[in-house]
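A short worksheet on the structure shown next.
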Amino acid sequence: MAVTMPDLKQGFNRVGYICDDSTALTVYLTLALEKPLLIEGAPGVGKTEMGKVLADILETDLIRLQCYEGLDETKALYEWNYQRQLLRIQMNRNLEDDQVTEENLFSEQYLMERPLLKAIKAQERPVLLIDEVDKCDPEFEAFLFEVLSDFQVSVPELGTIRANQIPVVVLTSNNERELSDGLKRRCLYLYLDFPSVENEVRIIKARVPGVADRLAWEMARVVARLRQQGDLRKKPSIAETLDWARALVALNRSRLDGKLVGETLNLVLKTRADQEYFREEIGPEGIEDMLRQGGNGGGAARCR
Amino acid sequence: MPLKEKLPDSHLEENLVTFTNLLRQAGVPVSTTEAMDALNALQQVDMSSREEFKTALQAALIKNRRDQGYFNRLFDYFFASPETRIREEKKAAVYKKKYEAGLDQASKELQFKGESLQLSASELAQYNSMSPEQRERLQVFMHKTETGVNVEERFRPILEAVVKSHLRYCRTNQNRDKKEGGSSSASASGAVPGGSGSGPGSGRAALSEMDMQAITASKLPEAEQLLQRLSKKLAIQILRRRRSGPRSGPLDLRRSLRDNMRYGGTIFKLKHKPRRRSREQIVLLCDVSASMQHYSTFVIQFMHGLRETVREFSCFSFSDDLENITPDLKNRGGLQQLLDRVIRRSDTWGGGTNLGLSLRSLMEKYPDLLNRRTSVIVVSDTRTIALDYSIKELGRLKDRVRRIVWLNPLPGEQWPEYRSVQSMSALVEMWPCNTISQLEAVLSGRL
């Protein structure tokens, strides 16, 4: 599965994932060096999407491990099917000719594979997406980087299982807690920021069929302006921009104005405090002014 | 992109090693594995493209957004184009010549009885960096001393000591002014001459690395926003940690047996005990003596953002005695107002510090706050009168609470100079804490 840089860029274009050259190059290096890729960035900038589109581009399976507090090896790696083992013992209690031995009970048919083991045993190089790794416990993180360094696991009853193919590993983090140096050392690193206005226009046009050019441009500027407000509790994500665009297309709108922004605000600002902040600090009039001025609304967000 | 068989530049490895060393000097942790990854990454890119070269190095060496600013500046400096390098070298040569001439001139101006004073190069440079008025004042002082009655050669060491002390004083003032101007103490400026603050290495990142004492009134609103953001982030983190996982506790054998009676006593489904976690009780003790009030105000602000995550949060200020300021924190209206209301109104503001007496007051007047769930956070530079008594009281407090975390604004390198620091750090967890980023790092690991 040798992928070249032009192939990768073409792939991103094909699946509609708009990114800049340095992002594409970092992903290319991940594939070429067979190193895990750690992606950090604010919620909604396309970190998880990167794992999905990579699976699309490479035409392979996506194996996803969603991290949460309390996640342990039994949910991430493997677990013995305890109930099935018990049933087997119960069923064979009266059958003297069929001996239930320990080897029988601890064979692969009683092993429940979890995402990490699935990725290691996969015949074709899969994409392993370890999502929101910052939410798992530090103990699990330590276990994780052991797996990611050797790509092999030991099941005491079965022995060591080595990866058939080193999976493409994408880890995402919202940077809510500092990850350990050990984990970071094993990964290449990519920080994704919100897209520039120009890139956001391209994303909207690629993902929302039927959206008018002018509407896409005006929406991107409004969203960039909102993201510049440091006091917002939650900045609008790309997914929310796309939902907003779909809603406006469904409403058959081809232009944006202050009133329309006010009416559909709940699609981009999801807390009451943020909506009130918008009305007090910017308001429909502020949006009108910005759209009239024709500037980019201060869309200084860097390209991702 | 085909794998290049050979590196085109035989000096690449050496340059890369030097570059990673520079990054380390700037405080960016880079391991040998990462340096090797960088070398491997460079073999995969078109090294004639500066952008690709930079991206490959960045992906392999930089694992934190706040380090990207340092990386950018160091990269631009170290991997400068030949034209830029020649230009910079010319500039450096001119600067060196001017610097040496300045030292000669300073040495001539600082004479006693026709002979130059014994001053180091850095002291002479300090003299040159002073304003003309300051230099003139010093010269007038030296002249008056020299022409005084009965002033002989044996006065030379005394004069030298006075001049050195004055230069040191001026340097301290200049450093403080520079910090107030927004320069970051942790910037890579030592490694990068003329490096300008750009990217994440400046702005908010610089503010979080600035000595809290040096944050001026004009920067307070920005600092307040930063503190709110960081404490909100930490609050989310703490609350998330408290949410129990699917298998939070140890095996509950009694419940497992009872629940599995329906399967004829076979343990078919395991039951686990819930994880026991009680919310912590936090007592914050802030030294509000003159040298500490700035630090204390910032810590109070930060902790205030976390109050919903703890069972009980109490805050006291102390200098020569203890004062409960918890009620003052309720209707908070900003960092500046907090400073006005809490610190300036405090009876104890600006006084000397008697830690021992303050701790004794805490234990006698507020015994209910001190139990095995209580974490005490002390913000103080440990300088107190009645040190031995204070150490004894601190030991008594330690026996009554879960733990004591001490945030000390004195820089770590100065700790060995203070007996108070050495004695108290043996009793409590003591952490250097004079910047917002240190404050965040210490508290995020301890709450």
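Protein chains in written order, with numbering that gives the first Met the number 0: chain Y, 0 to 303; chain D, 0 to 446. Note that beta-carbon positions come from the ideal geometry of N, C-alpha and C, so glycine has one too.
Alpha-carbon to alpha-carbon, residue j and residue i
| i | j | result |
| --- | --- | --- |
| D/Ala160 | D/Gln110 | 14 angstroms |
| D/Asn39 | Y/Leu32 | 7 angstroms |
| D/Asn259 | D/Lys270 | 10 angstroms |
| D/Arg401 | D/Asp367 | 14 angstroms |
| Y/Asn163 | Y/Leu127 | 14 angstroms |
| Y/Trp79 | Y/Ser236 | 40 angstroms |
| D/Arg65 | D/Leu229 | 14 angstroms |
| D/Leu102 | D/Ser295 | 42 angstroms |
| Y/Gly40 | Y/Ile203 | 20 angstroms |
| D/Met0 | Y/Leu266 | Here D/Met0 scores only 42 on pLDDT, less than 50, and its place in the model should not be relied on; the value that follows carries that caveat. Computed Cα separation, rounded: 43 angstroms. |
| D/Ala91 | D/Phe70 | 22 angstroms |
| Y/Glu275 | D/Met302 | 27 angstroms |
| Y/Val52 | Y/Gln292 | 37 angstroms |
| Y/Leu115 | Y/Cys135 | 15 angstroms |
| D/Met291 | D/Gly26 | 27 angstroms |
| D/Arg136 | D/Arg86 | 38 angstroms |
| D/Val139 | D/Leu219 | 40 angstroms |
| Y/Thr25 | Y/Asp60 | 21 angstroms |
| D/Asp320 | D/His293 | 18 angstroms |
| D/Leu442 | Y/Ile165 | 38 angstroms |
| Y/Gln89 | D/Ser255 | 18 angstroms |
| D/Gln67 | D/Lys53 | 11 angstroms |
| D/Ala124 | D/Ala105 | 8 angstroms |
| Y/Gly157 | Y/Glu102 | Position check: residue 157 of chain Y holds Leu in this sequence, whereas Gly was assumed. Rounded to the nearest angstrom, the two C-alpha atoms are 9 angstroms apart. |
| Y/Glu262 | Y/Arg176 | 36 angstroms |
| D/Cys285 | D/Leu409 | 15 angstroms |
| Y/Leu76 | Y/Lys120 | 11 angstroms |
| D/Arg132 | D/Val150 | Going by the sequence as given, residue 132 of chain D is Glu instead of Arg. Cα to Cα, the separation comes out at about 25 angstroms. |
| D/Arg167 | D/Arg72 | 31 angstroms |
| D/Ala55 | D/Ala289 | 50 angstroms |
Contacting residues, own chain, Cβ-Cβ under 6 angstroms from residue i (five flanking each side not counted)
| i | result |
| --- | --- |
| D/Gln280 | Arg310, Glu311, Arg372 and Thr373 |
| Y/Ser179 | Glu140 |
| Y/Val222 | Pro235 and Thr240 |
Exposure of residue i, with buried meaning 16 or more beta-carbon neighbours within 10 Å
| i | result |
| --- | --- |
| Y/Thr29 | buried |
| D/Gln300 | buried |
| D/Glu322 | buried |
| D/Met209 | buried |
| D/Gly147 | exposed |
| D/Gln117 | exposed |
| Y/Pro5 | exposed |
| D/Glu439 | buried |
| D/Asp380 | buried |
| D/Asp387 | exposed |
| Y/Asp328 | The displayed coordinates of chain Y run from 0 to 303. Any statement about residue 328 of chain Y would go beyond what the structure contains. |
| D/Met429 | buried |
| D/Asn63 | buried |
| Y/Tyr27 | buried |
| D/Gly263 | exposed |
| Y/Ala54 | buried |
| D/Asn14 | exposed |
Same chain only: Cβ atoms within 7 angstroms of residue i, ignoring 5 sequence neighbours per side
| i | result |
| --- | --- |
| D/Ala385 | Asn353 and Gly355 |
| Y/Pro35 | Leu147, Val168, Leu170, Arg185 and Cys186 |
| Y/Asp242 | Leu266 |
| D/Arg359 | Glu392 |
| D/Asp45 | Glu51 |
| Y/Leu264 | Gln274 and Phe277 |
Beta-carbon separation (whole angstroms), residue i vs residue j, contact threshold 8 angstroms
| i | j | result |
| --- | --- | --- |
| D/Val29 | D/Leu22 | 5 angstroms |
| D/Val298 | D/Val375 | That pair is no contact at about 13 angstroms. |
| Y/Val132 | Y/Ser106 | About 32 angstroms separates the two Cβ atoms, so there is no contact after all. |
| Y/Leu189 | Y/Ile17 | That pair is no contact at about 15 angstroms. |
Beta-carbon contacts of residue i that lie in its chain and below 8 angstroms, excluding the five residues immediately before and after
| i | result |
| --- | --- |
| D/Met362 | Leu369, Glu392, Arg395, Leu396 and Arg399 |
| Y/Ala272 | Arg232 |
| Y/Leu7 | Ala23, Val26, Tyr27, Leu30 and Ile56 |
beta-carbon residue i near the ligand PLP non-hydrogen atom, thresh 6 angstroms
| i | result |
| --- | --- |
| D/Pro249 | Summarising the ligand content, the structure contains no ligands, and the ligand PLP is consequently not present. |
(message) Taking 8 angstroms as the cut-off, does the segment 201-220 of chain D touch the segment 430-443 of chain D (at least 3 CB pairs, one atom from each stretch)?
(response) yes
(message) Would the segment 144-162 of chain Y count as touching the segment 174-189 of chain Y if we require 3 or more Cβ pairs under 8 angstroms?
(response) yes
(message) Under 8 angstroms: do the segment 60-78 of chain Y and the segment 200-220 of chain Y share three or more Cβ pairs, one atom per stretch?
(response) no
(request) Could you tell me whether the segment 419-429 of chain D touches the segment 389-396 of chain D, using the rule of 3 or more Cβ pairs below 8 angstroms? (result) yes
(message) Closer than 8 angstroms is the cut-off here; do at least three beta carbon pairs connect the segment 241-254 of chain Y with the segment 274-288 of chain Y?
(response) no
(request) Check whether the segment 100-117 of chain D touches the segment 141-160 of chain D, taking contact to mean three or more Cβ pairs, one atom from each stretch, closer than 8 angstroms. (result) yes
(message) Measuring CB atoms only, is the segment 251-261 of chain Y touching the segment 210-221 of chain Y, in the sense that at least three cross pairs come out at less than 8 angstroms?
(response) yes
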